[in-house]
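In the UniProt record's numbering, the protein residues as written are 1 to 704. For each residue, glycine too, the CB sits at the ideal point set by N, CA and C. The structure displayed is predicted, hence computed values, not measured ones. Below is one structure, written out as structure tokens; the observations come after it.
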């Protein structure tokens with residue numbers, strides 16, 4: 001029993017697009033090939049948008065899903081799957097569209113309501129599936145319907161409320177629904193119209209004015225507002241003019257209000273009756289004729305000096321029979337001055353202010369427009385000064401001046417001058433400031449200021465203020481004599497100078513070691529200062545610099561110089577003496593020892609040829625004594641052997657056998673035969689000839 005699926009197909013009858021309410025059939029067909037004709041069970045499953053909507057088991061190759069009344073909720077993608085003996089195959093999907101929606105059903109909670117109440121409505125789309133949109137309409141005769149809409153994501157009905165307003169008599173309501181189909185909204189037809197009757201809880205109020213709505217100032221006017229109510233509870237009547245509530249009553253059907261009419265009472269009045277949400281109004285226009293015009297206040301002068309006379313007069317054009325009074329305005333209440341048409345007084349500064357007059361006729365009081373009176377005290381002589389205090393300014397910085405008048409009624413006009421040039425004009429109460437940013441070093445112009453107000457005395461001028469311009473210090477330098485190296489105990493002069501700067505200048509000289517030490521300080525009316533340090537010591541060695549400042553408060557520092565204190569000449573001589581004397585002694589001792597060594601080296605040769613040499617030398621000596629007259633006496637050569645050996649023993653030194661022999665060329669002049677060199681006798685091996693000769697001496701040096 002072998003079979004295979006050739007295809008699985010899904011069909012829609014009569015069409016894939018049907019109207020709402022029509023019948024719809026979805027047929028699933030399985031095309032199967034078998035090896036023999038044997039029975040085979042088929043499991044048919046139909047899905048809509050991935051959700052199971054139909055299942056059937058049959059031995060036939062077809063299954064049919066019947067929808068007797070198609071609804072918009074049946075719209076979607078359908079797919080069929082067939083399973084047989086472990087084998088499964090699915091069809092392609094097909095889209096079914098059910099056009100139109102079911103007609104909604106509208107119901108009203110009440111069919112009869114009062115003004116101010118609400119109508120509760122319920123709209124339902126039976127057999128439709130959410131999400132759905134519901135639209136409600138309130139239909140009123142001769143007006144545009146009011147509409148409300150509600151989105152319902154989880155149910156197929158919605159509930160809304162409509163308020164019943166004044167003038168609503170017979171109302172009609174309906175609704176309709178919408179849903180999304182392929183990103184478009186599909187609408188249902190409108191529901192049945194529901195009729196709601198509205199009853200008035202009270203009638204429109206009546207507003208009247210007595211004796212008439214057209215009256216004259218001074219007459220009493222009375223307003224009455226009334227209504228007829230079905231239920232007295234929570235009823236309220238309100239009387240308004242220009243949104244201002246004049247009077248109100250509660251739980252009553254009649255309101256009364258009366259007042260003496262004035263021109264300001266002309267206008268529109270409104271009577272409003274409220275109960276719950278219900279509200280009705282009635283309007284009435286009232287005209288009040290003027291009994292007499294407003295009074296006018298006149299002043300003899302509006303601006304005047306103190307101690308002058310002021311006259312105020314109050315009048316009404318074309319009307320003289322009135323009670324007049326003159327008052328001065330005050331934030332805490334007007335100040336009564338006189339119950340009269342005219343007022344004359346001598347004023348002072350405290351009388352400055354606004355004045356009015358009032359006129360009364362038949363109980364009607366009218367007020368004039370205020371008149372401003374300004375009383376002026378003369379300005380005092382102004383004082384001009386520098387804001388910072390001292391009359392000076394640093395070159396390159398701005399100068400701020402203040403001009404102040406102790407006395408004088410504001411506003412005061414201040415004028416600043418530099419020389420004869422006007423720099424600035426300021427209007428203020430008691431003082432004014434001026435900033436001069438163009439300060440020059442050699443500017444000799446003085447400053448002054450004027451002050452004046454509306455007093456007749458005129459302008460006052462300050463004294464001239466002269467300003468000192470302080471030039472800041474520039475380029476400080478430090479020098480010394482001697483420079484660099486200074487002998488211990490000698491005098492050194494330090495010169496600190498500046499290229500530019502106003503006097504006095506404060507000079508300070510510092511020595512810099514591990515920390516800065518102030519060694520000299522002074523203030524001079526000069527651009528340099530000389531400091532003499534009488535005695536320099538070794539501890540004065542170091543780095544020095546100077547710092548200069550003036551009233552510009554800027555410290556200027558010089559480049560540093562280095563001073564080295566060395567030994568004095570006499571100190572060097574003492575040290576040299578202490579060093580050279582031991583050296584000279586050592587050299588003398590070495591020379592004595594050297595000569596002794598020489599004598600020891602010559603001893604043996606003289607012993608071997610003593611007699612012969614003595615004979616020859618004696619003969620030669622005698623000959624030279626007679627022939628030359630100048631001679632050199634070498635005593636070592638004429639002494640006997642005994643004395644010679646004794647001399648040899650006295651200078652006995654190191655072993656002579658190991659001594660080296662050197663030949664030294666010596667120039668010898670004719671000398672005193674008895675003279676000694678450095679108290680050491682020098683013996684030469686040959687006689688000395690007249691004049692200068694070259695003599696070779698044999699010197700034996702010891703190994704050590």
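Straight-line gap, residue i to residue j (C-alpha atoms, nearest Å)
| i | j | result |
| --- | --- | --- |
| residue 20 | residue 50 | 22 Å |
| residue 307 | residue 314 | 23 Å |
| residue 152 | residue 173 | 20 Å |
| residue 331 | residue 299 | 22 Å |
| residue 209 | residue 341 | 36 Å |
| residue 234 | residue 159 | 29 Å |
| residue 70 | residue 16 | 12 Å |
| residue 203 | residue 167 | 11 Å |
| residue 38 | residue 2 | 9 Å |
| residue 25 | residue 117 | 51 Å |
| residue 101 | residue 18 | 12 Å |
| residue 92 | residue 138 | 48 Å |
| residue 14 | residue 146 | 42 Å |
| residue 115 | residue 103 | 31 Å |
| residue 258 | residue 211 | 11 Å |
| residue 171 | residue 108 | 11 Å |
| residue 294 | residue 371 | 14 Å |
| residue 377 | residue 459 | 12 Å |
| residue 587 | residue 577 | 15 Å |
| residue 94 | residue 195 | 45 Å |
| residue 772 | residue 262 | It is not possible to answer for residue 772, since the shown part of the chain is limited to 1 through 704. |
| residue 366 | residue 317 | 13 Å |
| residue 165 | residue 250 | 21 Å |
| residue 311 | residue 328 | 14 Å |
| residue 326 | residue 404 | 37 Å |
| residue 637 | residue 591 | Only weak support exists for where residue 637 lies, its pLDDT of 35 falling under 50; the coordinates are left without a value. |
| residue 44 | residue 140 | 56 Å |
| residue 22 | residue 59 | 30 Å |
| residue 445 | residue 466 | 7 Å |
| residue 407 | residue 338 | 31 Å |
| residue 5 | residue 35 | 12 Å |
Chain-order list of residues whose beta-carbon lies under 8 Å from that of residue i (same chain, five-residue window excluded)
| i | result |
| --- | --- |
| residue 61 | 29, 30, 31, 32, 42 |
| residue 388 | 400 |
| residue 575 | 567 |
| residue 90 | 8, 79, 80, 81, 82 |
| residue 220 | 258, 259, 260, 261 |
| residue 524 | 503, 504, 505, 507 |
Range of the contiguous beta strand (DSSP E) that encloses residue i
| i | result |
| --- | --- |
| residue 437 | It is not in any beta strand (DSSP E) - residue 437 carries neither H nor E in the DSSP assignment. |
| residue 55 | 51-58 |
| residue 479 | 474-481 |
| residue 547 | 542-549 |
| residue 162 | 157-163 |
| residue 202 | It is not in any beta strand (DSSP E) - residue 202 carries neither H nor E in the DSSP assignment. |
| residue 25 | 24-34 |
| residue 487 | 485-487 |
| residue 493 | 492-500 |
| residue 97 | 94-99 |
| residue 531 | 528-533 |
Own chain residues within Cβ distance below 7 Å of residue i, not counting five before or after
| i | result |
| --- | --- |
| residue 213 | 284, 285, 286, 287 |
| residue 231 | 201 |
| residue 395 | 439, 441, 469, 470, 471, 472 |
| residue 518 | 508, 510 |
| residue 711 | No statement about residue 711 is possible, as the shown extent of the chain runs from 1 to 704 and does not include it. |
| residue 537 | 488, 565 |
| residue 363 | 218, 260 |
Same chain, Cβ closer than 6 Å to residue i, five either side skipped, listed in chain order
| i | result |
| --- | --- |
| residue 613 | Residue confidence is low: residue 613 scores 35 on pLDDT, short of 50, so the model does not pin down where it sits. Its coordinate-derived value is still stated next. Once the five neighbours on either side are set aside, residue 613 has no close Cβ partner at all. |
| residue 474 | 499, 500 |
| residue 437 | 398 |
Sub-8 Å separation of residue i and residue j beta-carbons
| i | j | result |
| --- | --- | --- |
| residue 510 | residue 544 | yes |
| residue 579 | residue 480 | no |
| residue 128 | residue 72 | yes |
| residue 496 | residue 526 | no |
| residue 375 | residue 344 | no |
| residue 106 | residue 121 | yes |
Task: Unbroken stretches of the beta strand (DSSP E), 3 residues or longer, contained in the UniProt domain "Ig-like" (382-466) - done: 383-386, 392-394, 399-404, 412-418, 421-428, 431-436, 447-452, all fully within the UniProt domain "Ig-like" (382-466).
Task: Secondary structure, beta strand (DSSP E): runs of 3+ residues fully inside the segment 257-334 - done: Runs found: 267-275, 278-289, 296-299, 303-305, 309-315, 323-328.
TODO: Starting from the N-terminal side, write out each stretch of the beta strand (DSSP E) that is 3 residues or longer and does not extend beyond the segment 551-589.
DONE: Taken in chain order, the complete beta strand (DSSP E) segments of 3 or more residues contained in the segment 551-589 are 561-566.
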